[in-house]
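Under the numbering used here, the first residue of the sequence shown is numbered 2, with each subsequent residue one higher. Backbone N, C-alpha and C define an ideal beta-carbon position, used for all residues, glycine too. Since the model is a prediction, treat every value here as computed from it, not as a measurement.
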Amino acid sequence: MTMLRRSMLHVPLIAAIAPSLAATAVAQAADMPADMPADMVALVAAAQKAGKLNLLHNIPPPLGDLWIAEFSKAFPKIAVEATRLGSTEMMQRFGTEYQAGVSEADLLITLWDDTLLKWADQGWLRAWTPPEAAAIAAPFKSRDRIYSLFFNRSCLVSSKTKIKEADAPREWTDFFDPKWQGKIGMDPPWRSVAVQQMLAVWKQQGIEDIARRLKANNVRFFNGSAGVVQAVIRGDITVAAVIDPPVISALNDGAPIRAIFPASGVPAVANVVAMPAKAPHPEAGQVFLNWALSLEGQKALVATVGSPVVRPGAGAPKVVPGIDGQKILLSSDLLTPPMQKAMIEEWRTVFGLQ
């Protein structure tokens, strides 16, 4: 073989290696991981140049703050300005501001809501497939615009100081037992999509006339799911039906409460992430989204938020059971906009809140 022939054989190899070597050099110069994929290096460099990310999210404190701090450790040159709102309030705020052309959000993290599909159809959400999305199962990705991150599950919470283990409610029907009259609490459904989805699952299980029965049992309402859990801890109530993020936070703090996920079915709704089509720092939004779906970002979610995540291999929660062996019911498949409207009207009427 001639020297010329050998040299020509090496040309394709050099051409294939050169972009990778260049990307590695750029990554090292910009304080990025040396193994970062080449298609992300330029994106991260642009995000670092912008230096800012405006994040709207619904993850209860301090869990959301702890998770965001992990991103900041991985990408210290991107300053995160995070605003935390309840899911319903956040959706209303973004919808109003985006339509008026004054939205500053680069990324949205919220409970699944069919409004997101409407926004996708209207072109309000950016279409992008993050490299890390390849590891996420198809049911957790929608239209290359909406990606699931983790699950919020509804559970029955009870006080360990007021109720013995053997007497603790274990099924949804126990929540209606007259022996708990005046001692049960929840977030009102007109404030929370998560509660609406839980009620949709109860109805599917054959529990009827829910609002009137709970009024007869003197259910008490509190401000948000965190407020419900704090009411159990204080002793204002002894039993609650609530989503698990604030429960996880309380258990991490050693609160004397227990969480039971009924065997008949566990209502669950995904917390999802999406990028506005028009955003002041789009590259920063893309970097955060890709990190949130990565094994590193998903492990950080398990460690800080403590909820089960969508990516395989990220581990199980520490203070509550994982989803293995549970009958998970994705309530987003059950709750339709007409059902939402009828449900809210019924509850407002029953409780005299017209």
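Is residue i near residue j, with beta carbons less than 9 Å apart?
i: leucine 108; j: leucine 56; result: yes
i: alanine 269; j: leucine 330; result: yes
i: leucine 296; j: alanine 242; result: no
i: valine 230; j: tryptophan 113; result: no
i: arginine 127; j: arginine 146; result: yes
i: lysine 161; j: proline 257; result: yes
i: lysine 78; j: glutamine 49; result: yes
i: leucine 54; j: phenylalanine 352; result: no
i: phenylalanine 95; j: valine 311; result: no
i: glutamate 347; j: alanine 212; result: yes
i: serine 265; j: valine 194; result: no
i: proline 338; j: aspartate 115; result: yes
i: alanine 201; j: methionine 91; result: no
i: tryptophan 68; j: leucine 294; result: no
i: glutamine 299; j: leucine 150; result: yes
i: glycine 52; j: alanine 80; result: yes
i: alanine 232; j: tryptophan 125; result: no
i: glycine 186; j: isoleucine 244; result: no
i: arginine 349; j: tryptophan 191; result: yes
According to DSSP, residue i sits in a beta bridge with which residue or residues?
i: arginine 259; result: Ser159
i: valine 310; result: Phe151
i: glycine 186; result: Arg221, Ala241
i: valine 81; result: Leu54
i: isoleucine 110; result: His58, Val274
i: leucine 331; result: Ala269
i: lysine 204; result: BP columns for lysine 204 are empty, so no partner.
i: lysine 142; result: Tyr148
i: leucine 354; result: DSSP output for leucine 354 lists no bridge partner at all.
i: leucine 126; result: Pro277
Assuming residue i contacts residue j under a Cβ cut-off of 8 Å, what Cβ separation, rounded to an integer in Å, is found between them?
i: isoleucine 137; j: valine 306; result: Actually they are not in contact, since the Cβ atoms of isoleucine 137 and valine 306 sit about 17 Å apart, beyond 8 Å.
i: methionine 276; j: tryptophan 120; result: Contact flag wrong, Cβ pair sits at about 11 Å.
i: alanine 260; j: isoleucine 234; result: With a Cβ gap of about 13 Å, alanine 260 and isoleucine 234 do not count as contacting.
i: proline 322; j: phenylalanine 262; result: 6 Å
i: valine 357; j: serine 159; result: Residue 357 is absent from the structure shown; the chain starts at 2 and stops at 355.
i: glycine 225; j: aspartate 188; result: 6 Å
i: alanine 135; j: tyrosine 148; result: In fact, because the Cβ distance is near 12 Å, the residues do not count as touching under 8 Å.
i: glutamine 197; j: glutamine 341; result: 6 Å
i: phenylalanine 141; j: alanine 39; result: Contact doesn't hold; Cβ gap of about 26 Å is too wide.
Under the criterion of a Cβ to heavy atom distance below 8 Å, does residue i qualify as lining the ligand ADP?
i: leucine 336; result: Absent from the structure shown: the ligand ADP. Ligands present: none.
On the three-pair Cβ rule with 8 Å, is the stretch 181-200 touching the stretch 216-227? In this structure the stretch 181-200 touches the stretch 216-227; the number of beta carbon pairs closer than 8 Å is three or more.
Would you list, in sequence order, the uninterrupted beta strand (DSSP E) runs of no fewer than 3 residues that lie entirely inside the stretch 222-248? The stretch 222-248 contains these whole beta strand (DSSP E) runs: 240-244.
Give a yes or no on contact between the stretch 274-291 and the stretch 91-110, applying the rule of three or more CB pairs nearer than 8 Å. When C-beta atoms of the stretch 274-291 are compared with those of the stretch 91-110, three or more pairs fall below 8 Å, so the two segments count as touching.
Every unbroken alpha helix (DSSP H) inside the stretch 265-297 [4 residues or more]: If you keep only unbroken alpha helix (DSSP H) runs of at least 4 residues inside the stretch 265-297, you get 283-294.
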